[in-house]
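Q:
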Amino acid sequence: MIGMAPISKYARIFLMIATGLVISQIPASASRDDVLVIDLSQDLIGISTSFSGADVLLFGATQVEGDIIVVVRAPSSQVIVRRKNRVAGIWVNTEELVFNKAPGFYYVAASAPLKDLLPGPILESLQIGTRQIAFKPHLSMPGNKEEDFRKALVRNKQRSGLYTSGIEEVDFRGDRLFRTRVALPANVPTGDYQVTVYLVSGRAISDISESILRVRKVGFEAKVTEFAFEQAPLYGLIAIIIALIAGWFASVVFRKI
Amino acid sequence: MTIYLPIAEMSVDVFLILLMGGGVGFLSGLFGVGGGFLMTPLLIFIGISPAVAVATEANQIVAASVSGVLAHMRRRNVDFKMGTVLTAGGFAGSGLGVLIFTFLREIGQVDLVVQLSYVVFLGIVGFLMLFESARAIFKNRAGTATRGKLHQHTWLHGLPFKMRFRRSRLYISALLPLGIGFFVGILAAIMGVGGGFLMVPAMIYLLGMPTAVVVGTSLFQIIFVTANVTFLQAINNQTVDVVLALLLLTGAVVGAQIGTKASGRLRGEELRGLLALMVLGVSAKIGVELVSTPEDVYSINETPGFGL
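Just so you know, the sequences run in chain order A and Z. Numbering-wise, our numbering comes out as the position in the first sequence, counting from 1, plus 25. Numbering-wise, our numbering comes out as the position in the second sequence, counting from 1, plus 10.
1) I'd like to know whether the C-beta atoms of VAL253(Z) and GLY272(A) end up nearer to each other than 8 Å.
2) Using a Cβ cut-off of 8 Å (strictly closer), state whether LEU13(A) contacts chain Z.
3) Determine which residues of the region 196-209 of chain Z have a Cβ less than 7 Å from any Cβ of chain A, and write them out in chain order.
4) Which stretch, first to last residue, makes up the beta strand (DSSP E) that contains MET20(Z)?
5) Compute the Euclidean distance between the alpha carbons of ALA177(A) and GLU305(Z), then round it to the nearest angstrom.
6) Taking C-beta to C-beta, are ALA138(Z) and PRO211(Z) nearer than 8 Å?
7) Taking the alpha helix (DSSP H) that SER234(A) falls in, what are its first and last residues?
8) Identify the continuous alpha helix (DSSP H) that holds ASP173(A) and give its terminal residues.
9) Chain Z partners of THR74(A), CB-CB under 7 Å?
10) Determine whether the Cβ of GLY267(Z) lies closer than 8 Å to any Cβ atom of chain A.
11) Between which two residues does the alpha helix (DSSP H) carrying THR112(Z) extend?
12) Sorted by chain position, which residues of the same chain lie with C-beta nearer than 6 Å to ILE48(A)'s C-beta, five sequence neighbours on each side aside?
13) Would you call MET213(Z) buried or exposed, if buried means 16 or more other Cβ atoms sit within 10 Å of its Cβ?
14) Can we count ASP306(Z) as close to the ligand GTP, meaning its CB is less than 7 Å from some heavy atom?
15) Straight-line CA distance for ASP89(Z) to GLY195(Z)?
16) If we call anything under 8 Å between Cβ atoms a contact, is ALA262(Z) one with VAL22(Z)?
17) Cα-Cα, which of ALA98(Z), GLY39(Z), PRO16(Z) and THR12(Z) is closest to LEU281(Z)?
18) So the candidates are VAL117(A), SER66(A), ARG241(A) and PRO210(A); which of them puts its Cα closest to the Cα of GLN183(A)?
19) Note the first and the last residue of the continuous beta strand (DSSP E) segment covering LYS126(A).
20) Output yes or no for whether 8 Å exceeds the beta carbon distance between ALA255(Z) and ALA264(A).
21) For a contact meaning CB atoms closer than 7 Å, what does THR240(Z) contact in chain A?
22) Should LEU178(A) be flagged as near chain Z, meaning a C-beta pair shorter than 8 Å?
23) Measuring straight from C-alpha to C-alpha, what distance separates PHE230(Z) and ALA146(Z)?
24) For GLN119(Z), which residues in chain A fall below 8 Å Cβ to Cβ?
25) To the nearest angstrom, report how far apart ILE32(A) and SER101(A) are at their CA atoms.
26) For chain Z, check one thing: does any of its Cβ atoms lie closer than 8 Å to the Cβ of THR250(A)?
27) Between ALA272(Z), GLY291(Z), ALA244(Z) and ILE233(Z), which has its C-alpha nearest ILE270(A)'s C-alpha?
28) Across which residues does DSSP place THR87(A) in a beta bridge pair?
29) Is it right to say SER302(Z) is buried, meaning 16 or more other beta carbons lie within 10 angstroms of its own, or is it exposed?
30) Please return the same chain residues whose Cβ sits closer than 6 Å to the Cβ of ILE58(Z), not counting the five positions on each side in sequence.
31) Contact defined as beta carbons within less than 8 Å: I believe GLY154(A) pairs with VAL133(A). What is the distance between those atoms, to the nearest angstrom?
32) Determine the DSSP secondary structure at SER276(A), reduced to helix, strand or coil.
33) DSSP three-state label for VAL64(Z), please.
34) Kindly say whether ASN125(A), judged by its beta-carbon, lies nearer than 8 Å to any beta-carbon of chain Z.
35) So GLY204(Z) and THR236(Z) are supposed to be a Cβ contact under 8 Å. How far apart are they, rounded?
36) Is THR119(A) buried or exposed, if buried means 16 or more other CB atoms sit within 10 Å of its CB?
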């Protein structure tokens, strides 16, 4: 149901460009391949009938000392933010702003406060931190107003547990081993989540490691959703037939009691 | 025990849903109404999106009405001819209603219109019922119950296309039930209700149908109208959650049977008075929500394309 591959592709290209810019600053002595290694406790989250959220453990090791920033983001989609105003005594949606690229899920964790790790422009260009996400508003609004809508979008997503509030922790075991727990609530969107881990030292990124976390509906849930969207008329008919049979069945059962 | 609802895309407590179905089913058995006007707000209250709540509730009401109609058919309390004319109007009305619903969702005003419809229509019907049942109770106490005419003749009886409805003992213009069916159909689609709470008073007071056949006939046409809504919502909005509907109706059919048995212990006008109070309660609750300052004046809505 998530036809968002093009967006994540753009995100990846963007990231590659950004990475290229940053990597050029890496000291020649560090061999890029082995400095930072990461893995996920599971790389496929299956949403089945019993799904009520999941915890994914992200862990890794570094060759050199440094700080770690972890960003996990789901594919982006269009989100409409609406503002209510009182009209004739009742609250009515009167203003709206469409954002073209809001990640369905956004998680950020770091081993130290972000502002101590990287300069602002880098945080901004890599979209590290909820304040830095490029939501791409559809129309431009006067600065303050647009900022209010941005904040409202983040706040609403945080309320439903889809964006991290503040910065989550990255725990170090010794100097080299680290881990963080990514909590996915029950209402997570499906799709391929981009997992990016930055190794930071001396206010610059010294290595980047990426991975993909797949979130999919599986089994019965996947079949029902696929059916509902791809064969809508038949799905509607079957829903009605189920209801007719259930109603008839109930009437027969209870007549005998 | 929780279960993940595939279309609503959230996990809910199975027992909570069964309990809600049972509770609303009990009340619908007690009062002889579908209960959509209680269930839809309840579903929204537990966090199900209004779009899914309205569409899924329509699906659930199909089942509830079938089981109700079968019971009424055994007592020969269904006027099929009247039901068919009402259904014809209801089909057109609910078709238009789903289109209106889809349009309102696109412009972001669906919640407002749904809430306003609840406040206005539940408010009116609740007051009328309360007034009528209070009068009946006082009349009974005074012991001067008088028998009026079967029905009054008004300009409504001068309309063309007259039809004879034998079981209802009526000879009226077909435009009247067509119009009522159409109007209630629109509201059924928008409010996620069967529309019995509007249809029943309309049949009694506007059409002048005998009370005995009113509930059965109303349920008969509700099956078709809610089936139509289910189908159209499934096609236009993909918001019918069969898993949720099944859970709800499992609770509802059991509750309804208990409610039906309990209803024998109360007098008709007392039942109507209680129902009126409940209807007014829901109307007032939603009215308060409309005027009280929301927790956050900003809200977000994923995707005009929905479900993406």
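Glycine included, each C-beta is placed from N, C-alpha and C at the ideal position. No experiment lies behind these values; they were computed from the predicted model shown.
A: Considering the structure as presented:
1) no
2) With chain A running from 26 to 282 in the structure shown, residue 13(A) is simply not present.
3) none
4) 20-23
5) 12 Å
6) First, the residue type needs correcting, since residue 138(Z) is Leu and not Ala in the sequence shown. A contact, by the Cβ cut-off of 8 Å.
7) For SER234(A), there is no enclosing alpha helix (DSSP H); the enclosing beta strand (DSSP E) has its first and last residue at 229-242.
8) 168-184
9) ILE13 and TYR14
10) This sequence places Gln at residue 267(Z); Gly is not what is there. Yes, GLN267(Z) lies at the interface with chain A (some Cβ there is under 8 Å from its Cβ).
11) Its alpha helix (DSSP H) spans residues 90-117.
12) In this prediction, ILE48(A) has a pLDDT of 47, which is less than 50 and means its spatial position is unreliable; what the coordinates show is noted afterwards. Scanning its chain for C-beta atoms nearer than 6 Å, with the 5 sequence neighbours on each side dropped, one finds no residue around ILE48(A).
13) buried
14) With respect to the ligand GTP, the structure offers nothing, as it holds no ligand at all.
15) 19 Å
16) no
17) GLY39(Z)
18) PRO210(A)
19) 115-128
20) yes
21) GLY261, ALA264 and ILE265
22) Judged by the 8 Å Cβ criterion, LEU178(A) is in contact with chain Z.
23) 28 Å
24) Here the neighbours are VAL117 and ASN118.
25) With a pLDDT of 46 at ILE32(A), under the threshold of 50, the modelled position of that residue is not reliable, and the figure given next carries that caveat. Distance between the alpha carbons of ILE32(A) and SER101(A) is about 7 Å.
26) yes
27) ILE233(Z)
28) LEU61(A)
29) exposed
30) ALA18
31) 6 Å
32) helix
33) helix
34) no
35) 6 Å
36) Per the 10 Å Cβ criterion, exposed.
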